Amino acid sequence: MSHATAAENKKLRWAGVWLGFAMGGFFDGILLHQILQWHHLLSAIQTGALGSLRMQVTIDGWFHALMYVIAAIGLWNLYLYRSTSGKSPDFSVIWPRFWMGFGVWHIIDAVFSHWITGIHRIKMDSSMPLAWDLAWVVVFGIVPFMWGWRRRDGGSGTPGATSAKAVRVMSLFVLFAGAVNIFPLRGNDDTTVVALGSHASVPDFFAALDTSEASVIWTAGQGEVWVVQGLSLRARLALYQAGAVYVSGTAAPAGCAAWLQSGPRLSRV
4 MSHATAAENK KLRWAGVWLG FAMGGFFDGI LLHQILQWHH LLSAIQTGAL GSLRMQVTID
64 GWFHALMYVI AAIGLWNLYL YRSTSGKSPD FSVIWPRFWM GFGVWHIIDA VFSHWITGIH
124 RIKMDSSMPL AWDLAWVVVF GIVPFMWGWR RRDGGSGTPG ATSAKAVRVM SLFVLFAGAV
184 NIFPLRGNDD TTVVALGSHA SVPDFFAALD TSEASVIWTA GQGEVWVVQG LSLRARLALY
244 QAGAVYVSGT AAPAGCAAWL QSGPRLSRV
């Protein structure tokens, strides 16, 4: 193997690691923050500036932006490989590293976020959070990492067939995640959580509600978060025009609200 070939393969291997790591973050954010709505990135912090739903949603957004940057690094490595070698990427090299990166994300998240800092747990409302943490890191962290590690030097295979199969699998995963995210899971009730932006006007919010038969049942803070009952999908979408940054049950790419529970932080309207 020449020095140039070794350098090219290094770019290819790192492309797989970066893309897998980013996909691990997207998988966590899309599935747990938005679809299942089990936690925010900082959902264990419930006081101060970071405890507001508005800031929780914002931090989730910055988290996903970081994952985009990491994915871009992986794509840049693929570009460098193609431009220097003139060859199509060999997914028999990328694929094991992809799953190693995917597993590394979940291992780091478990150790740092769940146990060292405690900024969130996998299932915030569970009476046994450690069991969920351990199960999640084993299934989505250790198992994918070990699978990739054992196959990282498995030979070149047939690049064309392997590449086509890998692209199909990745494309189907992305399309499925995106399609499900358009229709978030909702409970059996018709309550809607609304978080207003920093420049939103409460009178504008009530004016938007006047066009429907909805009623406000809870509010939090200084009118930052509202829980409304009886809103149709059209009325929920209209609240964005009134300054809302998050309305549960819409396709807006915001964080979760299912873990919120009524308690000392909420006051009855």
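Heads up, the sequence shown is in my numbering, so the first residue is 4 and it goes up one at a time. Where is the CB? At the ideal position from N, CA and C, for every residue including glycine. All values reported here derive from a predicted model rather than from experimental measurement.
Spatially closest choice to residue i from the options, by CA coordinates
{"i": "G77", "options": "W229, I97, T61", "result": "I97"}
{"i": "P99", "options": "A245, L212, R16", "result": "R16"}
{"i": "S129", "options": "V142, R153, A47", "result": "A47"}
{"i": "F101", "options": "A223, H42, L234, W152", "result": "W152"}
{"i": "Q59", "options": "A198, L45, V142", "result": "L45"}
{"i": "D156", "options": "W21, M103, W79", "result": "M103"}
{"i": "A113", "options": "L137, M131, S95, P92", "result": "L137"}
{"i": "R154", "options": "I111, V228, G200, F94", "result": "F94"}
{"i": "G200", "options": "G121, E227, L34", "result": "E227"}
{"i": "R57", "options": "A223, V141, L35", "result": "A223"}
{"i": "H123", "options": "A9, L35, S215", "result": "L35"}
{"i": "E11", "options": "V142, S215, S88, I111", "result": "S88"}
Alpha-carbon spacing of residue i relative to residue j, whole angstroms
{"i": "G19", "j": "G27", "result": "12 Å"}
{"i": "A273", "j": "L83", "result": "Residue 273 is absent from the structure shown; the chain starts at 4 and stops at 272."}
{"i": "P278", "j": "Q37", "result": "As shown, the chain starts at 4 and ends at 272. That puts residue 278 outside it, with no answer to give."}
{"i": "Q40", "j": "M127", "result": "10 Å"}
{"i": "W118", "j": "P92", "result": "38 Å"}
{"i": "L242", "j": "A203", "result": "10 Å"}
{"i": "S86", "j": "H109", "result": "32 Å"}
{"i": "R239", "j": "M131", "result": "34 Å"}
{"i": "G64", "j": "V142", "result": "26 Å"}
{"i": "A50", "j": "I111", "result": "Looking at the sequence itself, residue 50 is Thr, so the reference to Ala does not match. Distance between the alpha carbons of T50 and I111 is about 25 Å."}
Other residues of its chain near residue i: CB distance less than 6 Å, five sequence neighbours each side excluded
{"i": "M70", "result": "A25, G28, F29"}
{"i": "W139", "result": "I125"}
{"i": "R237", "result": "none"}
{"i": "G106", "result": "G144, P147, F148"}
{"i": "I220", "result": "V230, Q232"}
{"i": "K90", "result": "none"}
Classification of residue i by the beta-carbon crowding that lies within 10 angstroms, buried from 16 upward
{"i": "A217", "result": "buried"}
{"i": "T61", "result": "buried"}
{"i": "Q225", "result": "exposed"}
{"i": "K13", "result": "exposed"}
{"i": "A75", "result": "exposed"}
{"i": "A198", "result": "buried"}
{"i": "G23", "result": "buried"}
{"i": "H42", "result": "buried"}
{"i": "S116", "result": "buried"}
{"i": "S235", "result": "exposed"}
Same chain only: Cβ atoms within 8 Å of residue i, ignoring 5 sequence neighbours per side
{"i": "H67", "result": "G28, F29, G32, P256"}
{"i": "W21", "result": "I73, A74, I76, G77, N80, G104"}
{"i": "P267", "result": "Note that P267 scores 41 on pLDDT, short of 50, meaning its location in the model is unreliable; the coordinates nonetheless yield the value given after this. None."}
Touching by the beta-carbon criterion (3+ pairs, under 8 Å), the stretch 240 to 251 and the stretch 204 to 222: Output reads yes: the stretch 204 to 222 touches the stretch 240 to 251.
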